[in-house]
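Residue numbers (my numbering): 401 to 501. For glycine and all other residues, C-beta sits at the position ideal for the given N, C-alpha and C. This one's a predicted model, so the numbers in the text were calculated from it and none came from an experiment. A short write-up of the structure that comes next.
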């Protein structure tokens, strides 16, 4: 579970990232889930976008993908969303620690 400080850190990092996953009229397919898993394994932080021709909202797509990929939801704004999943073998992003823990 991410803390608010960790979410803020990841949101700042995601601002500079390009959108690499797009959800189109077919919605969340097995292919999209595979692409998201691969992207999360390679980058840890992935920005996605829901196109206007789909029946899903960005929140629904984010919920479905985070459940399918076991990833953390960082942010949903408009048609864009950000997911994070730590790579246990080779972590690329060092999250801030909570002072209380």
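- For the 8 Å CB-CB criterion, residue 451 and residue 428 do not form a contact.
- Secondary structure note for residue 474: its beta strand (DSSP E) is the uninterrupted segment 472 to 477.
- Taking the Cα positions, residue 431 is about 12 Å away from residue 465.
- Apart from the 5 residues on each side of it in sequence, residue 496 sits with its Cβ closer than 7 Å to the Cβ of 405, 406, 409 in its chain, given in chain order.
- DSSP links residue 422 through a beta bridge to 449.
- Using a Cβ distance threshold of 8 Å, residue 445 and residue 401 do not count as a contacting pair.
- Relative to residue 487, the option among 459, 499, 469, 462 whose CA is nearest is 469.
- Residue 490 and residue 461 have their C-alpha atoms roughly 27 Å apart.
- Residues of the same chain with a CB within less than 7 Å of the CB of residue 403, apart from the 5 flanking positions on each side, are 498 in chain order.
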